[in-house]
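Trainee: Numbering (the numbering used here), first residue to last: 382 to 616. What follows is a structure written as structure tokens; I'll ask about it next.
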């Protein structure tokens, strides 16, 4: 099942349709970006075309730690998703929209997912067919934004993977602005406006620059103890 679909999109999923033309000239505008572009010359953005499937982990990642988001998604897979075909055990397919749309909230609470995110998932699942019918990132962004609780950060996380959008930037991220500012100009703290200002010379590939910085493990200096965020699963 799905073999024909996969054969049609295998090159896109592997990033082979990612258009990097013009990026080398933009990368030359900054020594850090130029160096990383050469170091990660093979980095490519995938284009799966699956808006809803990327939307699920993106919604689960809203305003929580990476570990909490991963626990929620893995737990959801074990509860709703079917085993993936093939010889490797343990792999699961993405959760089907119909199952997400009809799941009761009590199923998500033990996973640390509060009602707000659960309701966003349900609404997205009800629109899954319409979301996955989109073939352009701008159209997908409009349809996603029309869903209550879906903002620029979630949209960026989805369209980057679904359409290999090299320019989209995850505005609203807690760490990305400071990471970009520290890597490009040595500033330890920045907001979204400052990040976008620094990325403007790379317009068309702003998101790609962010991916390169992340691939290199760049981060801003950390100050003070790490904030501990409790899980509602314990309540």
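Every residue, glycine too, gets a C-beta built ideally from N, C-alpha and C.
Helix, strand or coil for residue 558 per DSSP?
Mentor: Helix.
Trainee: Could you tell me which of 387, 394 and 414 sits nearest to residue 563, measuring between CA atoms?
Mentor: Measuring from the Cα of residue 563, the nearest candidate turns out to be 414.
Trainee: How should residue 539 be labelled, buried or exposed, when 16 other C-beta atoms within 10 angstroms of its C-beta is the threshold for buried?
Mentor: Looking at its Cβ environment, which holds 16 or more other Cβ atoms inside 10 Å, residue 539 is buried.
Trainee: Provide the residue(s) that pair with residue 464 in DSSP beta bridges, ordered along the chain.
Mentor: Per DSSP, 473.
Trainee: Taking the straight line between their C-alpha atoms, what separation do you get for residue 493 and residue 501?
Mentor: Each residue's alpha carbon lies about 15 Å from the other.
Trainee: Between residue 598 and residue 561, what straight-line distance do the alpha-carbon atoms span, to the nearest angstrom?
Mentor: Their backbone Cα atoms lie some 11 Å apart in a straight line.
Trainee: Work out the CA separation of residue 397 and residue 464 for me, nearest whole Å.
Mentor: Each residue's Cα considered, the two are about 27 Å apart.
Trainee: Name the two residues that bound the continuous alpha helix (DSSP H) containing residue 538.
Mentor: Per DSSP, residue 538 belongs to the alpha helix (DSSP H) from 533-544.
Trainee: Three Cβ pairs or more, each shorter than 8 Å: is that satisfied between the region 479-487 and the region 443-455?
Mentor: The answer is no - the region 443-455 does not touch the region 479-487, with fewer than three Cβ pairs under 8 Å.
Trainee: Using C-beta distances below 7 Å, list every residue in its chain close to residue 486, excluding the 5 sequence neighbours before and after it, in chain order.
Mentor: Cβ neighbours of residue 486 beyond the five flanking positions: 496 and 499.
Trainee: If you check the beta carbons only, do residue 417 and residue 399 fall under 7 Å apart?
Mentor: Going by C-beta atoms, residue 417 is not nearer than 7 Å to residue 399.
Trainee: Distance, Cα to Cα, residue 528 vs residue 436?
Mentor: Taking the straight line joining both Cα atoms gives about 11 Å.
Trainee: Does the region 512-522 come close enough to the region 383-396 to have 3 or more Cβ pairs within less than 8 Å?
Mentor: At 8 Å Cβ cutoff, the stretches do not touch.
Trainee: The alpha helix (DSSP H) that contains residue 582, what's its start and end?
Mentor: From DSSP, residue 582 is part of no alpha helix (DSSP H); its letter is neither H nor E.
Trainee: Could you pull out every residue in the same chain whose Cβ sits closer than 8 Å to the Cβ of residue 503, ignoring the five residues on either side in sequence?
Mentor: Around residue 503: 481, 482 and 484.
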